[in-house]
Amino acid sequence: MTCPASKYLRMLTSLYEWFWKDEYWFPPGYSWADTEDSDGVTYPHPRDLLASIPIALVLMVIRFGFERTIAMPLSRALGVRDRLRVKAAPNPVLENFFRTHNKDPKEAQLSHLASQCGLSVRQAQRWFRRRRNQDRPLLSKKFCEACWRFLFYFSSFFGGFLVLYNETWLWELKTCWDKYPFQPLQPAMYWWYLLELAFYISLLLTLPFDVKRKDLKEQIIHHFVTIVLIGFSYSANLLRIGTLVLLLHDISDIFMEACKMFNYAQRRHICDTLFIIFALVFIVTRLIIFPTKILYTTYYDSMIKFQPFFGYYFFNALLMILQVLHVFWSGLILRMVYKFVLAGRMQNDIRSDLEEQNTSDEQSEAPRQKNGRLQSNDKTDTCTLPRARVARGAGPSQLANGHVPAT
1 MTCPASKYLR MLTSLYEWFW KDEYWFPPGY SWADTEDSDG VTYPHPRDLL
51 ASIPIALVLM VIRFGFERTI AMPLSRALGV RDRLRVKAAP NPVLENFFRT
101 HNKDPKEAQL SHLASQCGLS VRQAQRWFRR RRNQDRPLLS KKFCEACWRF
151 LFYFSSFFGG FLVLYNETWL WELKTCWDKY PFQPLQPAMY WWYLLELAFY
201 ISLLLTLPFD VKRKDLKEQI IHHFVTIVLI GFSYSANLLR IGTLVLLLHD
251 ISDIFMEACK MFNYAQRRHI CDTLFIIFAL VFIVTRLIIF PTKILYTTYY
301 DSMIKFQPFF GYYFFNALLM ILQVLHVFWS GLILRMVYKF VLAGRMQNDI
351 RSDLEEQNTS DEQSEAPRQK NGRLQSNDKT DTCTLPRARV ARGAGPSQLA
401 NGHVPAT
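Just so we're aligned, residue 1 is where the sequence shown starts under UniProt numbering, counting upward by one.
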């Protein structure tokens, strides 16, 4: 009788052998045996990428320290100020509805909830506005995240450019396929690839805790496709074309993150200048160079010496997914350019915070200050306190710093 454990082990072994079949990763006539290290020549091996996981964890620790010791003080120095927000009073009924049903209830729902809590519809509406504002990310948090990404993209691009500057395939893309797959692995390229992979893994791991973007689904797809692209291109020794893809993507992200930082700091002139540069660089690199150079050489130049195989179709399919995302983001950017031309300055944060406007809720409900006191016209929102305690004037007003003024 066959042991279930041995049957399961054989199934995993068969799956492993199927996954690493030569014809999936290399052109016809080549195999994994051809890329074994020999005579002091080192080639990429899939197992090398396992080091990216602990490096991703290290990057997360470095980011944590960087945001608190460098990015946060820098945000204050540049004048980034978080808005004063009035917190929604504790209310179990409204809180439960907010978490389980809808964060922005309709009029009929508001009326029903207000009657349950003994509030007016206006008070219930105000509670939901304040509660939504509590979940909005602070400007300082946005700035710190943008600052970290700017540091990485800046370092990655210029470090990668120095690595590739003397390489022929940077200037003549056809040479990406010379002597393929017998292209030795350079230590600098190995570390560059490893850091890029670790960085995108860290972005996926921290996604639940980072500022939520309106293009969250596209962002997840982009990070996942990038990780698969890096892993596949390294394993199949497609490092030459892979490094060009990395270089092309990092350069526009530098200006995007810098533009965000100065936008949060309300440095309009610098922000507007960086936005123009970013828009131009993004359009040129993602909509012109990427399809006409990168996609062209992977589709056509690579097949001059080889026959199509699974890896050829898979690699190009991933690149095409990136190109679809490029078109999507370009549409958002062009829409912002249109608004920029009409208004004369950038009105919204680019790409990541395109729809996150700090207007309606927070501005309309922010408490007005008069003679150092917070002026408020609403009642305390709660279902648990007696009406006498809910009434206006139940307690003394507070100053902006939280202290009670002397009487």
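Built from N, CA and C at the ideal position, the CB exists for glycine as well.
Top-ranked residue by Cα proximity to residue i, from the options
i: R85; options: N263, R126, F19; result: R126
i: L318; options: S330, C259, V228; result: V228
i: W329; options: P73, E196, M256; result: M256
i: R47; options: G231, E145, D301; result: G231
i: E196; options: L216, N237, Y153; result: Y153
i: H326; options: I288, F98, Y296; result: I288
i: D250; options: R136, F290, W20, W32; result: F290
i: N237; options: P4, T13, W32; result: W32
i: E145; options: S38, F262, S6; result: F262
i: L246; options: L164, K7, L203, V41; result: L164
i: D82; options: S156, T42, N133; result: N133
i: L151; options: A71, P105, I283; result: A71
i: S75; options: K212, R267, Y296; result: R267
i: L244; options: H269, C271, M189; result: M189
i: P137; options: T273, D210, T226; result: D210
i: G311; options: F143, C3, W20; result: W20
Neighbour flag for residue i against chain D, beta carbons, 8 Å
i: R132; result: The chain labelled as chain D is not found in the depicted structure, where only one protein chain is given.
Chain-order list of residues whose beta-carbon lies under 7 Å from that of residue i (same chain, five-residue window excluded)
i: T206; result: M60
i: residue 427; result: As displayed, the chain neither begins before 1 nor continues past 407, which places residue 427 out of reach and without an answer.
i: D178; result: none
i: A198; result: S52, I55, A56, L59
i: V281; result: I251, S252, F255
Burial state of residue i (16 or more Cβ within 10 Å)
i: Q183; result: buried
i: Y16; result: exposed
i: residue 475; result: Since the first residue of the chain shown is 1 and the last is 407, residue 475 is not available in this structure.
i: D253; result: buried
i: P90; result: exposed
i: N358; result: Here N358 scores only 41 on pLDDT, less than 50, and its place in the model should not be relied on; the value that follows carries that caveat. That one is exposed.
i: T69; result: exposed
i: Y200; result: buried
i: W148; result: buried
i: F275; result: buried
i: K141; result: buried
8 Å Cβ shell around residue i - same chain, five flanking residues per side excluded
i: L110; result: V121, A124, Q125, F128
i: G242; result: Y193, L229, I230, S233, Y234
i: A114; result: S120, V121, Q123, A124
i: F224; result: L204
i: E23; result: F309, F310
Per-residue DSSP class, three states only, for residue i
i: F19; result: helix
i: S120; result: coil
i: V211; result: coil
i: V80; result: coil
i: A5; result: helix
i: P386; result: Any reading at P386 must be qualified, since the residue scores a pLDDT of 39, below 50, and its modelled position is unreliable; the value itself is stated next. Coil.
i: P86; result: Looking at the sequence itself, residue 86 is Val, so the reference to Pro does not match. Three-state DSSP puts V86 in coil, outside helix and strand.
i: R368; result: Bear in mind that a pLDDT of 45 at R368, under 50, signals an unreliable position, so the number given afterwards is only what the model happens to contain. R368: strand per DSSP, three-state reduction.
i: S31; result: coil
Close beta carbons around residue i, own chain, < 6 Å, minus the five adjacent residues each side
i: G79; result: A265
i: F278; result: F255, M256, C259
i: G88; result: In the sequence on display, residue 88 carries Ala and not Gly. Correct list, in chain order: W127, R130, R131.
i: W169; result: T175, C176, R240
i: P44; result: L185, Y234, N237
Closer than 7 Å: residue i CB and nearest the ligand GDP heavy atom
i: D39; result: Absence of the ligand GDP from the depicted structure is noted, as is the absence of any ligand whatsoever, leaving it without description.
For the 8 Å Cβ check, are there 3 or more pairs between the region 207-226 and the region 170-189?
With a cut-off of 8 Å, the region 170-189 and the region 207-226 do not count as touching, because too few Cβ pairs lie within range.
Given 8 Å, three or more beta-carbon pairs between the region 18-28 and the region 297-310
Yes, the region 18-28 is in contact with the region 297-310.
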